[in-house]
Amino acid sequence: MKRVLFLLSLFVSACSAWCQTVGKEASPAQLAFELAEYNAKRAEGTTRLAEAAKTQLSQAQQEQMKAGNLEAANAIAKAIESLPITSPEAVIPPDGLPSSAVGVLKDHVSKVFAGITGLNKLFIPRFEKVKTDLLKSGDLAGANAAAVKAQELTDESAKLSPGKAGSGGKQEAVESFTVEALIDGGSELHVTKEGIYWMVPGGEAKPGLHQGSNEATYVNGTRWKPQWRIKGDRGPDTSEVYPIKTTSPKLASETVQVSKERFGKNENRTPVVTSIKDDHFVVTIRDPEGGSRWYKLRIKAIP
């Protein structure tokens with residue numbers, strides 16, 4: 001019996017030592033995994049947006065060539081070469097760029113900056129967690145590397161924020177704005193100081209994507225097609241950030257209209273509720289009734 005207990009003690013000690021070794025070896029891999037996922041998602045998003053902008057710019061270039069405008073065609077070629085634009089320093093359009101192409105570039109910059117900011121917002125806490133885990137495991141170099149990456153993403157997001165990214169001045173927070181979206185089931189609209197994003201906490205349809213629909217969200221009437229982290233029409237998931245300066249969380253929400261069609265007849269529906277989570281103003285659309293409905297909300301600042 002004593003021999004059995006002795007062997008069991010050796011086994012437990014060996015397992016403990018092995019687990020500690022594996023933990024230390026796995027921690028650096030955790031940082032590598034997060035970095036690889038972040039870089040892949042960022043590259044995928046910026047490449048997709050660049051290809052869409054290139055298609056539009058190429059069409060504009062063909063029009064200028066047919067019109068015999070060599071200067072404009074060459075300027076558009078330079079604009080195409082600059083894609084994707086991922087920093088404010090690269091925002092200045094080439095000389096001679098026609099207004100139609102300038103509009104494409106502005107739209108591209110807005111979407112790329114919003115996408116990067118949203119991605120950074122999701123990954124900063126993840127790198128902070130890796131930093132903590134590595135520090136606890138005794139990997140000081142790895143913890144420092146994770147901390148540097150988290151700070152890098154924080155600094156970049158601040159640089160790309162509306163009002164700082166090529167606008168030439170500070171953008172004031174809006175006093176009020178409207179959001180329209182096709183909703184089916186529980187959805188949350190998160191309003192931050194730098195922008196808004198959708199979150200689907202459960203398995204309901206993502207805003208705009210109910211039963212094969214592909215509807216945009218409208219912010220003050222402007223179309224916004226949210227990009228999602230996970231493929232598919234249903235949650236749980238979080239969208240990219242739409243950049244708009246707000247006074248969050250000092251906000252209130254008003255339901256302007258709920259209707260089957262976007263400009264349809266107003267209907268009674270379960271009221272939305274609001275809450276504050278950290279510095280986010282959150283509008284929860286419960287929508288337990290059957291069928292999807294267009295919700296038009298007005299978000300407004302309060303004293």
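Numbering (our numbering), first residue to last: 1 to 303. C-beta: ideal position from N, C-alpha, C; glycine also.
Taking C-beta separations shorter than 6 Å and ignoring five residues to either side along the sequence, the partners of GLN64 in its chain run ALA72, ALA73, following chain order.
For the segment 69–100, the continuous alpha helix (DSSP H) assignments of 4+ residues that do not extend past its boundaries occur at 70–81, in sequence order. Using a Cβ-Cβ distance cut-off of 8 Å, the segment 209–228 and the segment 174–193 are in contact, since at least three pairs of beta carbons, one from each stretch, lie closer than that value. In its chain, beyond the 5 residues on either side, VAL200, PRO207, ILE285 have a beta carbon closer than 6 Å to the beta carbon of SER187. Judged by DSSP secondary structure, GLN151 falls within the alpha helix (DSSP H) whose first and last residues are 140–160. Counting only residues of its own chain and dropping the five nearest sequence neighbours on each side, VAL272 has a CB closer than 8 Å to the CB of SER253, THR255, VAL283, THR284, ILE285, ARG286, TYR295, LEU297.
When DSSP reads this structure, SER275 sits in a beta bridge with VAL282.
No alpha helix (DSSP H) of 4 residues or more sits fully in the segment 212–293. DSSP, reduced to helix, strand and coil, places LEU57 within a helical segment of the structure shown. When the Cα atoms are used, ALA79 and PRO94 turn out to be separated by approximately 7 Å. Following the DSSP letters along the chain, one finds HIS190 inside the beta strand (DSSP E) bounded by residues 187–191. According to DSSP, residue pairing for PHE113 in a beta bridge does not occur. Annotation for GLY195: the continuous beta strand (DSSP E) segment containing it runs 195–200. With a threshold of 16 other beta carbon atoms within 10 Å, GLY185 meets it and is buried. CA-to-CA, the gap between THR247 and ALA158 works out to about 16 Å. Comparing alpha-carbon positions, the option among GLU194, ARG262, LEU189 lying closest to GLU172 turns out to be GLU194.
The segment 35–54 makes contact with the segment 118–135, as at least three CB pairs between them are under 8 Å.
Between SER239 and TRP228, the C-beta spacing is below 8 Å. In the three-state reduction of the DSSP assignment, LEU209 falls in the coil class. Inter-residue distance for HIS108 and ALA50 is about 7 Å (C-alpha atoms, whole angstroms).
By the criterion of a C-beta distance shorter than 7 Å, LEU57 is surrounded in its chain by ILE76, ALA79, ILE80, ALA101, VAL104, once the five residues flanking it on both sides are discounted. If you ignore the 5 residues before and after LYS250, its C-beta comes within less than 7 Å of the C-beta of ALA301, ILE302, all in its own chain and listed in chain order. Nearest to ILE230 by C-alpha distance, out of TYR242, LYS245, GLY203, SER99, is GLY203.
For ALA173, no beta strand (DSSP E) encloses it, and the DSSP letter there is neither H nor E. Each of ALA60, PHE113, PHE127 was checked against the Cα of GLN30, and the nearest Cα belongs to PHE127.
Leaving aside the five residues that flank ASP279 on each side, the residues in its chain whose CB is nearer than 8 Å to its CB run, in chain order, THR192, LYS193, SER248, PRO249. Approximately 18 Å separates the beta-carbon atoms of TYR242 and PHE123; this is outside 8 Å, ruling out the contact. The closest CA to that of TRP224, considering only GLY115, ALA60, ASP237, GLY290, is found on GLY115. In this structure, PRO84 is the residue among PRO84, THR270, ALA143 with its C-alpha nearest to the C-alpha of SER110. In the displayed model, GLU34 falls within a helix according to three-state DSSP.
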